[in-house]
Every structure is written in C-alpha cells, then in structure tokens.
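A.B. asks: In our numbering, the protein residues as written are 8 to 237.
Ideal placement from N, C-alpha and C gives every residue a C-beta, glycine not left out.
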Amino acid sequence: MASAKILVVDDEPSIVSTLKAYLEQEGYTTDIASNGPAALRAARAFTPDLIVLDVMLPGMDGFEVLQQVRRESDVYVLMLTAKSSETDKIVGLSVGADDYMTKPFSPRELVARVKAVLRRGRNSAQPETVLVFHRLRIDPGARRSWKDGAPVDLTSLEFDLLYTLARHRGRVLSREQIIEQVWGSDYYGDERVVDVHLGHLRKKVEDDPAYPALIATIRGAGYRFEDEAL
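1) DSSP three-state label for Val-201, please.
2) So, at 6 Å on beta carbons, what are the nonlocal neighbours of Ile-186 in its own chain, with the 5 sequence-adjacent residues on each side left out?
3) Just verifying my parser: in three-state terms, what is the DSSP assignment at Val-212?
4) For the alpha helix (DSSP H) containing Ala-52, list its first residue and its last residue.
5) Is it right to say Glu-165 is buried, meaning 16 or more other beta carbons lie within 10 angstroms of its own, or is it exposed?
6) How many Å lie between Ser-10 and Asp-38 at the Cα?
7) In whole angstroms, give me the CA-to-CA distance for Lys-211 and Asp-167.
8) Nearest by alpha-carbon distance to Glu-19: which of Ala-223, Glu-33, Asp-61 is it?
9) Output needed for Val-201: all residues of its chain with C-beta closer than 6 Å, excluding positions within five of it in sequence on either side, in chain order.
10) Can you tell me which of Thr-25, Ala-40, Asp-214, Asp-81 puts its alpha carbon nearest to the alpha carbon of Phe-112?
11) Report the rounded CA-to-CA distance for Leu-1 versus Pro-65, giving the unit in angstroms.
12) Starting from Phe-232, trace the beta strand (DSSP E) in both directions and tell me its first and last residue.
13) Return the residue from the list Gly-196, Glu-71, Asp-146 that minimises the CA-CA distance to Ala-123.
14) Quick test of your reading: Val-84 and Ala-52, contact by CB under 8 Å. State the CB separation rounded to the nearest angstrom.
15) When we look at the beta-carbon of Ala-40 and count the other beta-carbons within 10 Å, is it buried (16 or more) or exposed?
16) Can you tell me whether DSSP reads Gln-133 as helix, strand or coil?
17) Which of the three DSSP states, helix, strand or coil, is assigned to Asp-167?
18) By alpha-carbon positions, which one of Arg-142, His-141, Phe-140, Asp-160 ends up nearest to Ala-149?
19) Output the boundary residues of the beta strand (DSSP E) element that contains Pro-158.
20) Please list the terminal residues of the continuous beta strand (DSSP E) segment that includes Lys-12.
21) What does the Cβ neighbour count give for Leu-30, buried or exposed, with the cut at 16 atoms within 10 Å?
22) Using the DSSP secondary-structure output, state which residues sit across from Trp-153 in a beta bridge.
23) Look at His-141 and Leu-73 and say whether their C-beta atoms are less than 8 Å apart.
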C-alpha cells in the first residue's frame, strides 16, 4: 500500500522531519501537524489512511485527539508516547489506538509498524456467509450486524472481532488466534488489545457486559462465542 497517506502529529520538529523523510522514501504521501487542533483539521482535510499520533501535544493531548477522531473515522492510529507506563498503553488502546511505540524509537521500526498495520486491512476479504443466531445476525458482505432485529453500530474492528468469534461458535479462541485473524500475523503490539476491544464490543452486544452471555471469557484460555445457532 505504497500510495497510502500518513498524517504525522508531533510537536518535535526533528521527529516530524525524520519520519516524513523515512515515510516518503517508502512512497507514502505525508502531511504533518504539531498540535491537537491542527491534527483534527488535518485528519478531516487530508483523510489519511494512518495517523502517527504523539500523546504529549500542546492544545489537546493525543488521547483527546484520538477520541475525537474515533467519533468520525476508523482510520488506523499508531500512538507515540515518551512514557513507558502500562497505564498509558492501556489508555491508548482503550480509546481506540491500533498500535503504540515508546520514545525513543527507531524510524525504521516505525516504518515497519506502519507497513504491518496497513497490510492488515480492516476490510480484508472474508467468506460472505451470513451468520444467523438466536439473538445476533451478522452479514459480512454488508458488514452489518443486528441484535434481536435491531441494528448494532460497530466499528470495523469490532465487526471483525465479532465475525471471527461467531465463525468459530463454540470454540475457544486464544488472544493469539484472534490477533492472527483480526490484526494479522505480523501484529507487533500488546495482546491485551484483544481484551480492550472485546470490552467495547460487549458493551454493544451484551445485555449486561459485566455478565456476558454471548461472548464468554474462558479463564486462562481465551474467548468463546455462545449465541445459539439457528
């Protein structure tokens, strides 16, 4: 996907210029922003395929920018943070980041991460079989889902998670298996991204996310889809 558009958001000119040079050398089209409000304007005008987003930004931090972006788009987001705490990583993933890197980092590694994320393809080809269960109906061709006959508004990633689990109804899928099928075998990030996005999915499909009946957690093993097939 060498013609993809990348938006680089960072307030450190040296990082921006370095990343811009490396990305353009790989054939990507780039745009830049140095603060939160400018990042949102660029995201709307430039319509990037991926955003490299620093957490520490003037005007509005990267988490706030990501929350705003996620209200409008499923664009891939790779977050940069100078902090290595687990809390920052989990917050980034929970808000909707696809991957993250801790500063300082190798520009070559970041380019490799960008390539890996773009290769995944949120809308990668899936079997077109419509899956019909007692409570859920999932149409991969239309990329739409319903619960008890009512549409369920899912992000692309949430849809892929639901469809992957539903296709393997009754089987326990480990985090590694889910990552391979949804994120791709070349995913670099934390396996807990599965837990975070499954949490979002449960809020939309479960009657009570605290006591899930459709997507069960199998302690120490993974997740299992349990809606009854029709």
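C.D. replies: Straight from the coordinates:
1) Within the sequence shown, residue 201 is the residue found at index 194, counting from 1. Three-state DSSP puts Val-201 in a helix.
2) Position 179 of the sequence shown, counting from 1, holds the residue named residue 186. Result list for Ile-186: Tyr-194, in chain order.
3) As a working note, residue 212 is residue 205 in the sequence shown. Val-212: helix per DSSP, three-state reduction.
4) Here residue 52 refers to the residue found at position 45 of the sequence shown. Ala-52 -> alpha helix (DSSP H) spans 43-53.
5) Here residue 165 refers to the residue found at position 158 of the sequence shown. By the neighbour-count rule (16 or more Cβ atoms within 10 Å), Glu-165 is buried.
6) For the purposes of this step, residue 10 is taken as residue 3 along the sequence shown, with counting starting at 1. For the purposes of this step, residue 38 is taken as residue 31 along the sequence shown, with counting starting at 1. Each residue's alpha carbon lies about 13 Å from the other.
7) As a first step, residue 211 is located in the sequence shown; it is residue number 204 there, counting from the start. As a first step, residue 167 is located in the sequence shown; it is residue number 160 there, counting from the start. Between Lys-211 and Asp-167, the C-alpha separation is close to 14 Å.
8) On the sequence shown, residue 19 is found 12 positions in, with the first residue counted as 1. If we check each option's Cα against that of Glu-19, Asp-61 comes out closest.
9) To locate residue 201, count along the sequence shown from 1; it is residue 194. For Val-201, where only same-chain residues beyond five positions count, the Cβ hits under 6 Å are Arg-182, Ile-185.
10) Numbered from its first residue, the sequence shown carries residue 112 at position 105. That would be Thr-25, whose Cα lies nearest to the Cα of Phe-112.
11) The structure shown does not extend to residue 1, since the chain is modelled only from 8 to 237, so the question has no answer here.
12) Along the sequence shown, read from residue 1 onward, the residue named residue 232 stands at position 225. Here the beta strand (DSSP E) through Phe-232 covers 229-232.
13) For the purposes of this step, residue 123 is taken as the residue at position 116 of the sequence shown. Comparing Cα-Cα distances from Ala-123 to each of Gly-196, Glu-71, Asp-146, the minimum goes to Gly-196.
14) Here residue 84 refers to the residue found at position 77 when the sequence shown is read from its first residue. Here residue 52 refers to the residue found at position 45 when the sequence shown is read from its first residue. Actually they do not touch by this definition, with Cβ atoms about 17 Å apart.
15) Here residue 40 refers to the residue found at position 33 of the sequence shown. Ala-40 should be labelled buried.
16) Along the sequence shown, one-based indexing puts residue 133 at 126. Note that Gln-133 scores a pLDDT of 47, beneath 50, so its modelled location is shaky; the value from the coordinates is reported in the next line. Three-state DSSP puts Gln-133 in coil, outside helix and strand.
17) As a first step, residue 167 is located in the sequence shown; it is residue number 160 there, counting from the start. Note: Asp-167 maps to helix in three-state DSSP.
18) Here residue 149 refers to the residue found at position 142 when the sequence shown is read from its first residue. Of Arg-142, His-141, Phe-140, Asp-160, the residue nearest in Cα terms is Asp-160.
19) For the purposes of this step, residue 158 is identified with residue 151 of the sequence shown, where counting begins at 1. From DSSP, the beta strand (DSSP E) with Pro-158 extends over 157-159.
20) In the sequence shown, the residue the question calls residue 12 occupies position 5. First-last of the beta strand (DSSP E) with Lys-12: 12-16.
21) Position 23 of the sequence shown holds residue 30. Result: buried.
22) Here residue 153 is taken as the residue at index 146 of the sequence shown, counted from 1. Answer is Arg-144, Pro-158, bridged to Trp-153.
23) The count along the sequence shown starts at 1 and reaches residue 141 at position 134. The count along the sequence shown starts at 1 and reaches residue 73 at position 66. Their beta carbons are not under 8 Å apart, which means His-141 does not touch Leu-73 by this criterion.
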